[in-house]
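Colleague: My questions will all concern the structure given below.
Numbering (the numbering used here), first residue to last: 9 to 351.
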């Protein structure tokens, strides 16, 4: 994250949420096996992307913060050029229709609610600039739920979220993504402001994070096969909660050395979140009918995007950075306990 003499650049981290809903709609017409494989694989990738992206962006910021937007542009152009050659030519099924009203209501509601929470960093909760988008977002989400109950072919069938295990798995994904994003946001600012580290030094500080994340991602599959997805998810959430707690207790203090104050948390957190991502993806898609595999993939992606936006904005309003980290860790621990007890 580029430091520009302002407390937090939360708005710049608000990534487009429309894509996740659109992915869901497209997934409904995609071949079910492909949709499931994509959903399961993507759940293990967000932390890797954040780790690599943070390191690369911090180095690019040494030139100018504006150059950080050139990196995704180059990647997007390369993907557009290679997509026709690499992606399979599949003919979508015409048996289902696109629930456009539902997609628009959900996207607009999430966007407005997220914006209302983000601006609380600079405006009081009682201001029109905060209440108006929050209330409008809540109203649109309520309208979305009503529309889904009435639609003959809904984007998100209400019954899909009645499975308690699936709801807990989605909560685990959202909170794990939130904890990862919060760590990058809080620590990037702390290292550059409180410790006066350069962008390159800040990037290097997150290298153990990336290494632990990759190692845990590779180990997650065999562990799930041996101990089960529920056990691995609960263990990952508990490990991530311990990492966030350590970062809150020792990582914020600029007078504590990196090896003692930051390194343990920067290893435990990614190790836990990678395992919880993999296990929760299995739990969220387990038992899903073949015709709903695209729906499952879209809901997984939406949960993954809501964590670094909506949940992050909520938790950052708690006050200090340490309080936000502790609250996120407590939420991870609570979901771990509920997941462990749910059959």
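All C-beta atoms in this analysis are idealised placements derived from N, C-alpha and C, irrespective of residue type, glycine included. The structure displayed is predicted, hence computed values, not measured ones.
Jot down the residue ranges of each uninterrupted alpha helix (DSSP H) in the region 282-347, minimum 4 residues, whole runs only, in chain order.
Modeller: DSSP runs (the alpha helix (DSSP H)) wholly in the region 282-347: 301-314 and 320-323.
Colleague: Can you say whether residue 325 is buried or exposed, counting buried as having 16 or more other CB atoms within 10 angstroms of its CB?
Modeller: Stepping through the chain shown from its first residue, residue 325 is reached at position 317. Exposed is the call here.
Colleague: With C-beta atoms as the reference, is residue 270 less than 9 Å away from residue 259?
Modeller: Residue numbering aside, residue 270 sits at position 262 when the chain shown is read from its first letter. Residue numbering aside, residue 259 sits at position 251 when the chain shown is read from its first letter. The answer is yes: Cβ separation under 9 Å.
Colleague: Taking the straight line between their C-alpha atoms, what separation do you get for residue 86 and residue 92?
Modeller: The count along the chain shown starts at 1 and reaches residue 86 at position 78. The count along the chain shown starts at 1 and reaches residue 92 at position 84. So the two alpha carbons sit approximately 11 Å from each other.
Colleague: Helix, strand or coil for residue 131 per DSSP?
Modeller: The residue labelled residue 131 in the question sits at position 123 within the chain shown. Residue 131: coil per DSSP, three-state reduction.
Colleague: Would you say residue 315 and residue 126 are within 9 Å of each other, going by their C-beta atoms?
Modeller: Residue mapping note: residue 315 aligns to position 307 of the chain shown, counting from 1. Residue mapping note: residue 126 aligns to position 118 of the chain shown, counting from 1. Going by C-beta atoms, residue 315 is not nearer than 9 Å to residue 126.
Colleague: Along the chain, where does the alpha helix (DSSP H) that runs through residue 124 open and close?
Modeller: The residue labelled residue 124 in the question sits at position 116 within the chain shown. That run of the alpha helix (DSSP H) goes 108-126.
Colleague: How about residue 246 and residue 224: do their beta carbons lie closer than 9 Å?
Modeller: Numbered from 1 along the chain shown, position 238 holds the residue referred to as residue 246. Numbered from 1 along the chain shown, position 216 holds the residue referred to as residue 224. Against a cut-off of 9 Å, the Cβ pair of residue 224 and residue 246 comes out as no contact.
Colleague: State the start and end residues of the unbroken alpha helix (DSSP H) segment that holds residue 177.
Modeller: Numbered from its first residue, the chain shown carries residue 177 at position 169. Residues 172-201.
Colleague: Since residue 95 is in the alpha helix (DSSP H), which residue starts that stretch and which ends it?
Modeller: By one-based count along the chain shown, residue 95 stands at place 87. Here residue 95 belongs to no alpha helix (DSSP H), and DSSP marks it neither H nor E.
Colleague: For the alpha helix (DSSP H) containing residue 224, list its first residue and its last residue.
Modeller: By 1-based counting over the chain shown, the position of residue 224 is 216. Here the alpha helix (DSSP H) through residue 224 covers 215-235.
Colleague: Rank 281, 303 and 309 by C-alpha distance to the C-alpha of residue 343 and give the top, closest one.
Modeller: Locating residue 343 in the chain shown gives position 335, counting from the first residue. Answer by Cα proximity: 281.
Colleague: Return the first residue and the last residue of the alpha helix (DSSP H) that residue 141 is part of.
Modeller: By one-based count along the chain shown, residue 141 stands at place 133. Note, residue 141: alpha helix (DSSP H), 136-158.
Colleague: Is it the case that the Cβ atoms of residue 237 and residue 187 are separated by a distance below 9 Å?
Modeller: Within the chain shown, residue 237 is the residue found at index 229, counting from 1. Within the chain shown, residue 187 is the residue found at index 179, counting from 1. No, these two residues do not count as a Cβ contact at 9 Å.
Colleague: With 16 other CB atoms within 10 Å as the buried threshold, where does residue 133 fall?
Modeller: Locating residue 133 in the chain shown gives position 125, counting from the first residue. That one is exposed.
Colleague: Starting from residue 167, trace the alpha helix (DSSP H) in both directions and tell me its first and last residue.
Modeller: Sequence index remark: in the chain shown, residue 167 carries index 159 (1-based). Careful: residue 167 lies outside any alpha helix (DSSP H) and carries neither H nor E.
Colleague: Would you say residue 152 and residue 110 are within 9 Å of each other, going by their C-beta atoms?
Modeller: Against the chain shown, residue 152 aligns to sequence position 144. Against the chain shown, residue 110 aligns to sequence position 102. In this structure, residue 110 lies closer than 9 Å to residue 152 by Cβ.
Colleague: Excluding the 5 residues flanking residue 162 on each side, which residues of the same chain have their C-beta closer than 7 Å to its C-beta?
Modeller: Numbered from 1 along the chain shown, position 154 holds the residue referred to as residue 162. Same-chain partners within the cutoff: 107, 110 and 156.
Colleague: Helix or strand or just coil, what does DSSP make of residue 255?
Modeller: As a working mapping, residue 255 is identified with position 247 in the chain shown. Helix, per DSSP.
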